[in-house]
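Protein chains in written order, with the numbering used here: chain A, 1381 to 1729; chain B, 1381 to 1729.
C-beta: ideal position from N, C-alpha, C; glycine also.
In what follows, a single structure is set out as structure tokens and then discussed.
Number of protein chains: 2
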Amino acid sequence: MTEIERGRMAATMRDVAQAAGVSVKTVSNYFNGYRYMSAATRERVEAAVEQLGYQINVAARNLRSGRSRMIALVIPELDHPYYSLLAQQVIDAADEVGLSVLVETTGGRRDRELGALSGVHGQVIDGAIYEPIALRPADRGFLDAAMPLVMIGERVFDGLADHVLINDVAAARTAMEHLIASGRRRIAVIGTNDAAPPAGAALRRIGCAEALDAAGIPFDERLMLPVGPWHRAAGAEAIARLIDEGVEFDAVFGFNDALALGAQWLLAQRGIRVPEQVAVMGLDDTEDGRFAHPTLTTVSPGVRQIARTAVELLAARIADPTAAGGFQTVLADFDLMARESTRAAVAGA
Amino acid sequence: MTEIERGRMAATMRDVAQAAGVSVKTVSNYFNGYRYMSAATRERVEAAVEQLGYQINVAARNLRSGRSRMIALVIPELDHPYYSLLAQQVIDAADEVGLSVLVETTGGRRDRELGALSGVHGQVIDGAIYEPIALRPADRGFLDAAMPLVMIGERVFDGLADHVLINDVAAARTAMEHLIASGRRRIAVIGTNDAAPPAGAALRRIGCAEALDAAGIPFDERLMLPVGPWHRAAGAEAIARLIDEGVEFDAVFGFNDALALGAQWLLAQRGIRVPEQVAVMGLDDTEDGRFAHPTLTTVSPGVRQIARTAVELLAARIADPTAAGGFQTVLADFDLMARESTRAAVAGA
DNA sequence: TTGTATGCGTTATCAT
DNA sequence: ATGATAACGCATACAA
């Protein structure tokens, strides 16, 4: 390689060392924030870096250090108000601690959720923020991710990773209490499914039952509506079926905003007035709800806090994988956001 | 290092070669799809790989090859119906050709859009799909990305990269023609700004003017509503201002669905009936519009096609960066999606 | 068609 | 506080 050729190629640490009159180790120290370095040396390195326009070679660093400063965010889908918000918040929080985010979507399919951490991605990332929706505690044996993991949303894999989530029971109970306080008695609940705790849906169902029980309202299984993916279409279909079956109800609680908005949309299409005839509330506090008509009452899970907490926990695990002390479960705050869709109680619609 | 230690560590290509009784070069050939290999050799390599559970070391490959098989998707924000859909489609399309996607959001800020391709990310990616919204043609000198680039959405940097976008003029004209055909004459347009072509907003404004001109409808600057970010709140505010100023209008065309839905929301809040009094239409075909009440008429830009085309162009550039022949501009198809929000013309509202 | 040898640019060990 | 040097695991000339 001629001098000319070298001159055109990106500068290496060796070039910087040579220009600064120090060893590569010193330059490396500089970039890794090594504390014991004389001010004079530091300045000379800085000058050489500046002069050569040097940028550290990430590939070489990754190979040698076995780290990539990249994490994966594994979620069912990105094209969804809640997940896209979560992803944005995770990306922002990660950026602040110098981590890049590889977004991986699974379509909510069990096989892809299990495989998300192996394969090419699994090798290139230092850890993952992981929100599976199809896995059950029994799947823990199939997940062979030998990497730091922070789980979001459901407490599968308890004792295997850190968890960040809202208190599903309490959040659902709060929502139901709000509806009950506004005079509703026959509350359709969308999103229940046959999963057992600690699945989020099961916990939220428990919260609903608790609220009904405390208010002395009889539990009616016909008002518990299991659905597939928590999309608007599913919410609309569930309520359409309920109406067509002639089951009476005066409120709807969707386990997420999309379900609730789908329900609210269908009610509008059928000419049923919200909130006069039927109240509607969701859980997520996505922007859609704030611009629905009427605006959607919901429970806000503090996505920003969840994302930041998850990133912080993950960064800590990556920095010190051996840190024992067991895994943490952080319950994030939530807030009731009372809006138009649950205003004005009208008894016995 | 003892044999025991080695046994516990991840297998390397050397281990595979040894187990298969071939050289590392042969194993490397196997993983890189080298064609000239005897069936017997291939089988032995496969067996050894299987037996050792070998996975190629991505970091080493990246260092040696100078490639990462990663691309960046640079967009203003992820928490937005259009961009989250685009991101999902890009991730899916990239996955099919073996590329991973690093999502980088800029908040629509010029400095971050310019810097998105340099720094750490810039070094680790093989190319980028790039949708800046704050840049102008004059910024081309400031963007020093020595990497394959596919631009989406606006034709800044013509002749510097491939472009994939819809025909903004035609799409806007189609939307306006639809409104005019339904009997509307005073159409408020949200999203115009002071940028000159080839900015998308400017092109769409031209399309609007063309449609008005063809229909013999006088152009009224008061109906052209510039806004900041194309969010629902901006659409609502623009229409609120228009109403408060007493400007009459019988239709609204938002340059994206979010603006249109914000407008539609405000109209509902003010008790103005859509579409009877005012028709509303958008452009994007996001899910929000399909579940708005009334459902939102819009122009569908075929996001899936855009994403796939962008990924294909980028993959081709990465595979052969020297491929001359100039850069391509691909105009994606669009479709009018007529729904409830523009039904039933009522003249002279 | 396959093998040998070298180097990609960094970090880490050890020595000073 | 700094330097010399050996890996990290793979790809690729070049040789055979």
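- The three-state reading of DSSP puts A/Thr1485 in strand, counting E and B together.
- Residue environment: B/Gly1507 is assigned as buried (16 or more neighbouring CB atoms within 10 Å of its CB, all protein chains considered).
- When the beta-carbon positions are compared, B/Val1632 and B/Ala1568 come within less than 8 Å of each other.
- The beta carbon of A/Glu1493 sits no closer than 8 Å to any beta carbon of chain B.
- Taking all protein chains in view, the Cβ of B/Ser1562 is crowded by 16 or more other Cβ atoms within 10 Å, so the residue is classified as buried.
- Closer than 8 Å to the CB of B/Asp1459 there is at least one CB belonging to chain A.
- Sequence-distant partners of A/Ala1638 (beyond 5 residues in either direction) whose C-beta falls short of 6 Å from its own C-beta, in its chain, are Trp1610, His1611, Arg1612.
- Annotation for B/Val1425: the continuous alpha helix (DSSP H) segment containing it runs 1419-1432.
- Residue-level contact check: B/Arg1612 touches chain A, since one or more beta carbons of chain A fall below 8 Å from its beta carbon.
- Chain A has no Cβ within less than 8 Å of the Cβ of B/Glu1511.
- Beta-bridge analysis with DSSP links A/His1543 to A/Met1531, A/Thr1709.
- For the region 1670-1704 of chain B, the set of residues with a beta-carbon nearer than 9 Å to any beta-carbon of chain A comprises Arg1670, Phe1671, Ala1672, His1673, Pro1674, Thr1675, in chain order.
- With its beta carbon at least 8 Å from every one in chain A, B/Gln1657 lies outside the interface.
- Here the region 1657-1666 of chain A makes no contact with the region 1586-1605 of chain B; the two share fewer than three CB pairs at distances below 8 Å.
- Put simply, the CB of A/Ser1418 is far from chain B, with every gap to its CB atoms at 8 Å or more.
- Taking 8 Å as the cut-off, the Cβ atoms of A/Ser1721 and A/Gln1657 do not count as close.
- The beta carbon of B/Asp1574 lies closer than 8 Å to those of Pro1606 in the same chain, with the five residues before and after it left out.
- CA-CA distance, B/Leu1693 to A/Phe1714, rounds to 44 Å.
- When only Cα atoms are considered, B/Asp1624 and A/Pro1512 end up about 48 Å apart.
- Classified as exposed, B/Arg1621 has fewer than 16 neighbouring CB atoms from the shown chains inside 10 Å of its CB.
- The beta carbon of A/Asn1442 sits closer than 8 Å to some beta carbon of chain B.
- In the DSSP annotation of this structure, the continuous segment of the beta strand (DSSP E) that includes B/Phe1633 starts and ends at 1631-1634.
- Here B/Pro1528 is buried. Its C-beta has 16 or more other C-beta atoms within 10 Å.
- For the 8 Å CB-CB criterion, A/Val1504 and A/Ser1464 do not form a contact.
- Cβ neighbours of A/Gln1685 within its own chain (closer than 7 Å, five residues either side excluded): Ala1712, Asp1713.
- The C-beta separation of B/Leu1716 from B/His1558 comes to about 6 Å, placing the pair in contact by the 8 Å criterion.
- When rounded, the separation of the alpha-carbon atoms in B/Gly1615 and B/Arg1650 is 14 Å.
- By the Cβ test, the region 1468-1483 of chain A is not in contact with the region 1491-1499 of chain A, since fewer than three Cβ pairs between them sit closer than 8 Å.
- Straight-line measurement puts the Cα of B/Gly1401 at about 57 Å from the Cα of B/Leu1515.
- In the three-state scheme derived from DSSP, where H, G and I count as helix and E and B as strand, A/Gly1571 is classed as coil.
- Here B/Glu1430 is exposed. Its C-beta has fewer than 16 other C-beta atoms within 10 Å.
- Here A/Val1470 really is in contact with A/Val1691; their C-beta atoms are around 6 Å apart, less than 8 Å.
- Scanning the region 1595-1666 of chain A for uninterrupted beta strand (DSSP E) segments of 3 residues or longer gives 1631-1634, 1659-1661, listed from N- to C-terminal end.
- Across the structure, B/Arg1422 and A/Leu1646 are spaced so that their CA atoms are roughly 59 Å apart.
- Here B/Asn1412 is exposed: its Cβ has fewer than 16 other Cβ atoms, across all protein chains shown, within 10 Å.
- Listed as beta-bridge partners of B/Gly1507 by DSSP are B/Ile1451.
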